[in-house]
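Report on the following structure.
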Amino acid sequence: MSSSRTESEASRFELAISYLLIIGVVTSLILVGIGILLFYFHFGQIAISEKKAMFLREPNFFYFLWDLLRGGPGEDKAIWLMTLGIAILILTPYARVILSVLHFIRKGNLKYTLITLFVFILLTVSFILH
Amino acid sequence: MLGIGAGAFKVTVQENILKLPPKVSITTSNFIIGLTALAGTSVYLYSGLLNLTLIGPMAVGTTIGALMGGRVLNKLKDRALRILFFVVVLFLIVQMVYKGVMSI
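Residue numbers (my numbering), protein chains in the order written: chain A, 481 to 610; chain B, 23 to 126.
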């Protein structure tokens, strides 16, 4: 009884992770796709551009996210949408690690809580540093 | 050269050191590549090397490729997969050596 409950809990967790990954990727692709279309309508082409505005440059990922959300779409909606899509794509696996940490804390599994927490801290530090 | 997740190296390590079957190592690499690639994100952001007109279409293209690859993978035999992967890694090696020699 208890083992089947553990099994169904584990599969529910796996299902939650797969939904999270699918939702993250699909949302990101929709935003990037709309961004590319708007870009095409605006500039008449989608060739690789060497213009400075096309390059993302920030001190680290959290600055990038903060600047993106604070600035809003502004005039260039295509570029903002594409950037937002990319940000969501980057955040998806990060959210997946947070979900794992919460799951293992809730289950009281110390070993896996520490392992996933270690991964989470490592990723957060890599986002802060450059 | 290797992408920011270094998937080609991960698959090689998983197959040769961890002794995982090719299909398992490729799918595992695909699943964890997001996490390993994340660690390099800030470095690329700081260096200003991320070009939106390049990563936008690439994100769409690689996702479609990954979806198709997942379906094709189930139909391929392990041996065919190994040969295909060998060709890809061989190409990477030649490319890395060529770029390394040319930049001296």
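For every residue, glycine included, the Cβ atom is placed at its ideal position computed from N, Cα and C. Remember, it's a predicted structure, so these values are computed and weren't measured experimentally.
The count of Cβ pairs closer than 8 Å, one atom from the segment 105 to 120 of chain B and one from the segment 594 to 609 of chain A, stays below three, leaving the stretches out of contact. Unbroken alpha helix (DSSP H) runs of no fewer than 4 residues, entirely contained in the segment 517 to 605 of chain A, are found at 541 to 551 and 557 to 587, following chain order. In this structure, the CA atom of leucine 579 of chain A is about 28 Å from the CA atom of leucine 536 of chain A.
Inter-residue distance for valine 119 of chain B and valine 35 of chain B is about 20 Å (C-alpha atoms, whole angstroms). Within chain A, no C-beta atom comes nearer than 8 Å to that of valine 109 of chain B; the closest sits roughly 27 Å away.
When 7 Å is used as the limit between beta carbons, glycine 29 of chain B is near no residue of chain A, the shortest such separation being about 14 Å. Leucine 511 of chain A sits away from leucine 569 of chain A, with the two beta carbons spaced by 7 Å or more.
Selection A:Gly588, A:Leu561 and A:Ile502 evaluated against isoleucine 86 of chain B yields A:Ile502 as nearest (Cα-Cα).
Secondary-structure assignment with DSSP links leucine 72 of chain B through a beta bridge to A:Leu536. In the displayed model, lysine 121 of chain B falls within a helix according to three-state DSSP. Residue contact with chain A for valine 82 of chain B: present (Cβ-Cβ distance below 7 Å to some residue of chain A). Counting other Cβ atoms within 10 Å of its Cβ, threonine 84 of chain B stays below 16 and is therefore classed as exposed. When secondary structure is reduced to three states using DSSP, lysine 99 of chain B falls in the coil class, being assigned neither helix nor strand. Under the Cβ criterion of 7 Å, arginine 550 of chain A is not counted among the residues facing chain B. Excluding the 5 residues flanking it on each side, proline 43 of chain B has same chain C-beta neighbours closer than 7 Å at Asp100, in chain order. If you compare the alpha carbons of A:Phe519, A:Asn589 and A:Trp546 with that of phenylalanine 607 of chain A, the shortest gap goes to A:Trp546.
For a cut-off of 8 Å, the C-beta gap from alanine 558 of chain A to histidine 522 of chain A is around 6 Å, short enough to register as a contact. Against chain B, the CB of glutamate 538 of chain A has a partner CB under 7 Å away; the residue lies at that interface. Judged by their CB atoms, arginine 576 of chain A and leucine 500 of chain A are nearer to each other than the 7 Å cut-off.
The continuous stretches of alpha helix (DSSP H) do not include alanine 28 of chain B, and DSSP gives it neither H nor E.
For secondary structure counted as the alpha helix (DSSP H) over 4 or more consecutive residues, the segment 35 to 70 of chain B holds these complete runs in sequence order: 44 to 69.
Taking C-alpha positions only, leucine 98 of chain B is separated from phenylalanine 113 of chain B by approximately 21 Å.
Isoleucine 516 of chain A counts as buried, since no fewer than 16 other beta carbons sit within 10 angstroms of its beta carbon.
Counting other Cβ atoms within 10 Å of its Cβ, proline 573 of chain A reaches 16 or more and is therefore classed as buried.
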